[in-house]
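Residues in the sequence shown are numbered consecutively from 1, following the UniProt record's numbering.
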Amino acid sequence: MPANNVQQLGDTGGPQAWFQSLPLVTRYWFGSALLVTCAANFGFVSPMKLIFLWDSIWDDFQIWRFVTPFLFVGKFDFNTLFALYMLCSFSQRYETEPYNTGAGGGTADYIFALMFGMSTIFVTYPLLGKLLPILPLFARTLTFFVIYVWSKRHPTAPASIWGVEMKAIHLPFAYLVLTVLMGNPYADLLHGIAMGHLFYFLVDVVPIVYGKDVLHTPQFLIDRLGVGAYVPPAEVPGARGGAAQGSNVWRPPGRANAPQDPARPARGHDWGSGGQRLGSS
Numbered sequence: 001m002p003a004n005n006v007q008q009l010g011d012t013g014g015p016q017a018w019f020q021s022l023p024l025v026t027r028y029w030f031g032s033a034l035l036v037t038c039a040a041n042f043g044f045v046s047p048m049k050l051i052f053l054w055d056s057i058w059d060d061f062q063i064w065r066f067v068t069p070f071l072f073v074g075k076f077d078f079n080t081l082f083a084l085y086m087l088c089s090f091s092q093r094y095e096t097e098p099y100n101t102g103a104g105g106g107t108a109d110y111i112f113a114l115m116f117g118m119s120t121i122f123v124t125y126p127l128l129g130k131l132l133p134i135l136p137l138f139a140r141t142l143t144f145f146v147i148y149v150w151s152k153r154h155p156t157a158p159a160s161i162w163g164v165e166m167k168a169i170h171l172p173f174a175y176l177v178l179t180v181l182m183g184n185p186y187a188d189l190l191h192g193i194a195m196g197h198l199f200y201f202l203v204d205v206v207p208i209v210y211g212k213d214v215l216h217t218p219q220f221l222i223d224r225l226g227v228g229a230y231v232p233p234a235e236v237p238g239a240r241g242g243a244a245q246g247s248n249v250w251r252p253p254g255r256a257n258a259p260q261d262p263a264r265p266a267r268g269h270d271w272g273s274g275g276q277r278l279g280s281s
C-alpha cells in the first residue's frame, strides 16, 4: 500500500474507519474479494471450488460459482496485491460518478454497470476462452471493465503509471502494454476492456449517434437504492427505513450527465497517490 494511503489510515482512525469510509458497493466488493482470496490462500477453501465451471453449476447446482470467480483474485504475490489495490481504487472512483443510466449517476447505476459487466463476461467467456488463454477467474477482468469505463467517463482526468503522466483515456492500454512487456498474463485484461467498450458504446455512443437509450438501470434497483448516491437509512437523521428515504445526493434524471462543478478539478488517478507514484523509490 502506498505510504500516503498508510498515513490516511492513521488520519481516519485506522483500517476499520478507512474501510467503512469506502462507498457501499466498493466496500462490499473489496471486502468480499479480500476475504475470499485470503480464505483460498490459507487453505480454508480450495481454489477449484471458486472458479467458473459451468458443468458444476448445471449438474451439481453450485450456484456460488456465479459470484466467486469475481472475488478470488489469485495466489498471494505482487500481482494479486496490486490487483486488489486497483479493484478498490478504481471501483471507488467510478462508483462516485458513474454513467447515468436512469438513477441520476448514483449507486444503482453502478450496480447495474457491474451486473452488465458480469453478465457479458459470462456470456462471452466460452467463445473467448477458446481463442485466448483466459482462466475461469474474472476478478481482474471485471476490474479492468471498471477501469476502462471509468477512463471513458472521465477521459481527460490526469493519470500516471510508473511516473509516466497521461490522460485517463490512455491508462487501460498503458497498463496492458506494461503487462505484456513484463511477461504477465494479459488475456483477462483484454476481455475486461472489450466488455467495458461494449458498455461504453451502448450507454454513451448509441444514445448520441442513434438517439436511442438501450441500457436502463432496472426499476427495482432504483426503488431499493433511490436516485443518486445511496446512504443507508440508519445514517440519515429521521429516516425510518426504505432505501429511497436514505438515498440521495440527487442529480437530475435523464441521459445527460450531470454538469461538473468548474471549481472542482477533474478527479484523476495517480498510481500510488499522494505524490508517491507506483514504481517510484
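For every residue, glycine included, the Cβ atom is placed at its ideal position computed from N, Cα and C.
- Annotated as distal: Val36 and Phe66, with beta-carbon spacing of 7 Å or more.
- Collapsing the DSSP output to three states places Pro158 in a strand.
- Contact annotation, Gly106 with Tyr230: C-beta distance approximately 7 Å; criterion of less than 8 Å satisfied.
- Following the DSSP letters along the chain, one finds Glu95 inside the alpha helix (DSSP H) bounded by residues 78-96.
- Residue state for Lys49 is assigned as helix, using DSSP reduced to three classes.
- Relative to the Cα of Asp213, the nearest Cα in the group Leu181, Ser160, Tyr200 belongs to Tyr200.
- Here Leu87 is buried. Its C-beta has 16 or more other C-beta atoms within 10 Å.
- Cβ-Cβ separation between Phe52 and Pro185: approximately 16 Å, too far for a contact (criterion under 8 Å).
- Ranked by Cα distance from His154, the options Ala83, Tyr99, Gly13, Pro218 are led by Tyr99.
- With fewer than three CB-CB distances shorter than 8 Å, the segment 213-229 does not count as touching the segment 173-185.
- For Met166, there is no enclosing alpha helix (DSSP H); the enclosing beta strand (DSSP E) has its first and last residue at 164-167.
- The beta carbon of Val146 sits closer than 7 Å to the beta carbons of Phe90, Ser91, Tyr94 from its chain, once the five residues preceding and following it are set aside; these are given in chain order.
- Selection Ser151, Phe76, Thr120, Ala168 evaluated against Thr141 yields Thr120 as nearest (Cα-Cα).
- Separation of the CB atoms of Pro23 and Leu50 is rounded to 25 Å, and the pair is thereby denied contact status at 8 Å.
- Under the DSSP assignment, Trp64 falls outside any alpha helix (DSSP H); it carries neither an H nor an E label.
- Here DSSP, grouped into helix, strand and coil, assigns Asp213 to coil.
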